[in-house]
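Below is one structure, written out as structure tokens; comments come after it.
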Amino acid sequence: MVTSTPPTNRIGLTMAEYKGAPSTLCDGCGHDAITAQIIKAFYELGKEPHMVAKLSGIGCSSKTPAYFLNRSHGFNSVHGRMPSVATGVSAANHTLSLIGVSGDGDTASIGLGQFCHLVRRNVPMIYIVENNGVYGLTKGQFSATADLGSKAKSGVINELPPIDLCGLAIELGCSFVGRSFAGDPKQLVALLKAAGSHKGTAVIDVISPCVTFNNHEGSTKAYKYAKEMETPLHELGYIPFFEQISVDYEPGSMQEVEMHDGSKIRLKKTERNYDPTNQTQAILTIKEAHDKKEFLTGLLYINEDKEDFSTIMNVGDAPLATLPQEITRPAKSVLEEIMAGLK
Amino acid sequence: MNTLAVGSKEKLEKGRVVNDFSIQVATVNGSGSQSSNSVLMRSIFQMGIPVSGKNLFPSNIAGLPTWFTIRVNKNGYVARKSDIEILIAMNPQTAIDDVKSLSTGAVCISPVELKLDAIRKDVLHYQVPFTELAAKASENLKLRKLLMNMLYVGVVAELLNIDHGQIENSISKQFEGKTKAIDLNLNAVKIGREWARENLKKEDPYFVEPMDKTQGKIIIDGNAACALGSLFAGVTVVTWYPITPSSSLCEQLIDYLKEYRIDKESGKASFAVIQAEDELAAIGMALGAGWAGARSMTSTSGPGISLMAEFAGYGYFTEIPTVVFDVQRVGPSTGMPTRTSQADLISAYTLSHGDTKHIVLLPGSIIECYEMAGEAFDLAEKFQTPIFVLTDLDLGMNNWMSDPFEYPTKPINRGKVMTAADIEKAGVFERYRDVDGDGIPYRTLPGTDHPQAAYFTRGSGHNEKAGYTEKPEDYLNLMNRLDKKFQTARKFVPAPVVSVEKGAKIGIIAYGSSDFAIVETRDQLKVANIPTSYLRVRALPFTDELRKFVESHDHVYVVEQNRDAQMRDLIRLELPDLAMKIRSVRHYDGLPIDAQFVTDAIMEQER
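Just so you know, the sequences run in chain order A and B. Counting in this note's numbering, the first sequence runs without a single skipped number right up to 407 at its last residue. Counting in this note's numbering, the second sequence runs without a single skipped number right up to 609 at its last residue.
Take a look at the structure:
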């Protein structure tokens, strides 16, 4: 009998060591497809699991951190409030890599305020919105990202316009914004890995069909609709800092974005000639896509120069969480000095 | 009632009242009177005489009436006193009402043009041409308005015989290093003083005379004391959202952190302060930070406490340390944001939905604000739970005399945190197992390099391994352990301060800022032959001393500053068999409780 040893990544861990508990979501749920790509991305990046913290709010999507990275601490918080928890975790220990998973209800409705402020602060983390346009756990009510005119399973037509979380994030100055589709694993994993190299908030809005409540004819978040309508802005490649490879390409056909850790994003252009470093173009493109009912995917915007939250906080290299008393408790002479000033 | 007023009896006998009176300054919010009032208070303090200062201000930045009361008391009573002996009526808007509220024989210092003498003939008036004098103090019109305040300091100083050297010291302290401001203000005081000397005939009985009762003491507000307690507790993550009356807690903490917690060489901070978008986010951040291992805190007032409810229950159920300061103000709703109250007791104690109960600390003095702030961080990590520290506007924002604070003697206690080596040694780590039998489990911090270190924190039902569960027995196990942990806390929270008076049949129970009044009340009752014992509650859950105290008295009065007798009700729930012995005295008009009120209320029921 031949036993084959499973392959390992650059830090000697197998893919299995990046997995979590078995999913309890519906068979075929888009979220499980995203979970698989998260596992793949972290495995391929060779991230140390114990240096990752997984966070979420409430909803089907927010359950998923239990299904990946078993060896990372997880924090399934309260509805719509994952951003504040992530901000606190980041402040306490900026050496951790944070990945947050949220849904369209969790982010675009109850948590919209916290989402905006997380982006505004540029808290370093990957923020994934598993976007299916409905509330799954409460059985199919529309969410705030459901498109105008989209039909619910019950036949009800959505009469309110959607909130575009990518457009909003860019408007708020988010330094990494991507949109993808749970049925496009190749693009999604590249985006996830690029987000993992980004120093700042990386928002990835992933259309993730709800097979139970929003996968029917007339829904704009259904597998069939998304597959037919997906229009990638570019072909996305990610080259990590630890395996630099050069490729030949026609001048002008490729855009390369260097990331702060030395990794590179390579974007093979389509006829659109889209430049994701241009904020105005990004906003304009999203607006036009809405008007034309296009489903654009890819890296919508990136700015590697923006200061992230931990830089602004001006903390030292060691995490605040484990600073010793010698550093956190000022000397007796300090108290004496303060007391003298109050006499 | 006369027999009870210790001060007024002396007044009648000797005709000269020394170091025992209240001065009230009525001005307009934003007129700059704050500095003058501080100088006046500090000058008396520096003469060795016990003082307390209370700022009664509106929810407004400029233009509305504000009152500052300085109580001078040789016995060291520092609670509010409702009777005012000396009024400085600088605000034309309120002058008529202000002078009408005085008792017969009180003193009124006022601008001459207000003609207040026509309103109250039975009050002793000193009328001062402030506008004219201000013209002498400065040519600048804007400055004249500000200096007007220093003119009354000069007039009062002359009338009461306040040492000029101490006024000079206080002004130097107030305007630290700003020579021009010091000279201008000092000059205004002199003008006021000289005018009074030449033009007023002293006809009132009030004087200050040097004592030695403030030697070594400091003057500070409760919010600053809480900030210092947090600083020396080694706080690392501070999250907050501005709200009166708690803002100055974090603002003063930020000043201290910037001064003392930035490494001189690297320029790097050993703290993070985040001004949140609201209180929901503030506590979310504090919990995230506490979970990741920081010593975290947030501070707020009633409306913020309401917003924090969901997360507070999350913190309790998932066992995450953090410290929440609640500087209470009058509610419900916006209520009276600049008035004091103790009405968040029950809401803080049970904050959230479901079976939730929190450890609550109740500092009753400035020193306790400092000490309990520090202790809260240790308790939060020891018990892995949010700790609520309840002060109030009176304690938090007013200036109080205090003994200087002592440097912590105990090392920082980070509680049951397992490192990778600990897990290796134990061979196992289960987040929610009661290993030691005290209800307190072990935790790990993210970043712990051990394959078994990670766990999943969830607000949903969880078993000892932090796994998801809806099994009845798992839920019961968890809830009962949380209760056991709470019972353990009884032995570790600050015990009450008990003062037993021999022969006393009745007891007083109070907490928080009511203590200042109770000290005085007990003396007043003693004069009326009603000796009392006193138990001051300093924390929830209650400790064993409470039952013993209630049992050993005929009945007890629970004195508090809320309408619904929240502490009395909690005590009745705690001691149902003794419920009939427990009576109530409540003061809830937004002003700090005063001793005479409590004394009268008890006398009424003792008749």
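C-beta atoms are modelled at their ideal positions from N, C-alpha and C, and glycine is treated no differently.
Closer than 8 Å to the CB of residue 42/B there is not a single CB belonging to chain A.
It is roughly 49 Å from the alpha-carbon of residue 121/B to the alpha-carbon of residue 541/B. For residue 148/A, a Cβ of chain B is located within less than 8 Å of the residue's own Cβ.
Contact between the region 103 to 113 of chain A and the region 130 to 149 of chain A is present: three or more C-beta pairs spanning the two stretches fall below 8 Å. Taken in chain order, the whole alpha helix (DSSP H) runs of length 4 or more contained in the region 358 to 413 of chain B are 368 to 385 and 395 to 399. Closest in C-alpha terms to residue 284/B, from the list 172/A, 149/A, 344/A and 272/A, comes 149/A.
With its beta carbon at least 8 Å from every one in chain A, residue 118/B lies outside the interface. When DSSP assignments are scanned along the region 466 to 537 of chain B, the uninterrupted stretches of alpha helix (DSSP H) that are 4 or more residues long and fall wholly within it turn out to be 474 to 491 and 517 to 529.
Exposure of residue 582/B is indicated by the presence of fewer than 16 other C-beta atoms within 10 angstroms of its C-beta. Residue 314/B is not a Cβ neighbour of residue 343/B, given a cutoff of 8 Å. Per DSSP, the continuous beta strand (DSSP E) segment holding residue 331/B begins and ends at 324 to 332. Using beta-carbon distances, residue 268/B counts as an interface residue toward chain A, with a partner under 8 Å.
Ranking 433/B, 327/B and 499/B by CA distance to the CA of residue 483/B puts 433/B first. Only residues of its own chain outside the window of five on either side were considered, and among them 183, 241 and 267 have a CB closer than 6 Å to the CB of residue 233/A, listed in chain order. Burial state of residue 218/B is exposed, judged by a 10 Å Cβ sphere holding fewer than 16 other Cβ atoms.
Inter-segment contact for the region 226 to 233 of chain B and the region 160 to 173 of chain B is absent: fewer than three beta-carbon pairs are separated by less than 8 Å. Annotation note: the region 131 to 218 of chain B contains the following uninterrupted alpha helix (DSSP H) runs of length 4 or greater, listed N- to C-terminal: 132 to 139, 143 to 162, 166 to 176 and 181 to 201.
Shown here for residue 87/A: same chain residues with a beta carbon closer than 6 Å to its own, the five before and five after excluded, namely 96 and 131 in chain order.
Taking 8 Å as the CB threshold, residue 189/A stays off the interface with chain B.
When beta bridges are read from the DSSP output, residue 243/A appears opposite 269/A and 362/A. Going by DSSP, residue 38/B is part of no beta strand (DSSP E) but of the alpha helix (DSSP H) stretching over 35 to 48. Within the region 559 to 599 of chain B, the runs of beta strand (DSSP E) that reach at least 3 residues and sit entirely inside it are, in chain order, 584 to 588. Taking a cut-off of 8 Å for Cβ pairs, the region 21 to 32 of chain B and the region 63 to 77 of chain B touch, as three or more such pairs fall below it. When Cβ-Cβ separations below 8 Å define contact, residue 109/A makes no contact with chain B. Counting of Cβ neighbours within 10 angstroms places residue 464/B among the buried residues, the total reaching 16 or more. Residues of chain B whose Cβ lies closer than 8 Å to the Cβ of residue 186/A do not exist; the shortest such Cβ separation is about 13 Å. Looking at the backbone, the Cα of residue 415/B and that of residue 384/B are separated by about 7 Å.
Residue 162/A: member of the beta strand (DSSP E) spanning 161 to 167, first to last residue.
Leaving aside the five residues that flank residue 165/B on each side, the residues in its chain whose CB is nearer than 6 Å to its CB run, in chain order, 49. Scanning 129/B, 248/B and 437/B for the CA closest to the CA of residue 116/B turns up 129/B. Linking residue 604/B to residue 363/B through their CA atoms gives a straight-line distance of about 27 Å. Here DSSP, grouped into helix, strand and coil, assigns residue 327/A to coil. In the DSSP assignment, the residues bridged to residue 137/A are 117/A.
Put simply, of 238/B, 418/B and 28/B the residue whose alpha carbon is nearest the alpha carbon of residue 446/B is 418/B. Looking at the DSSP output, residue 69/B shares a beta bridge with 28/B and 58/B. Chain order gives the chain B residues near residue 389/A as 236, 413 and 414, where near means a beta carbon separation below 7 Å.
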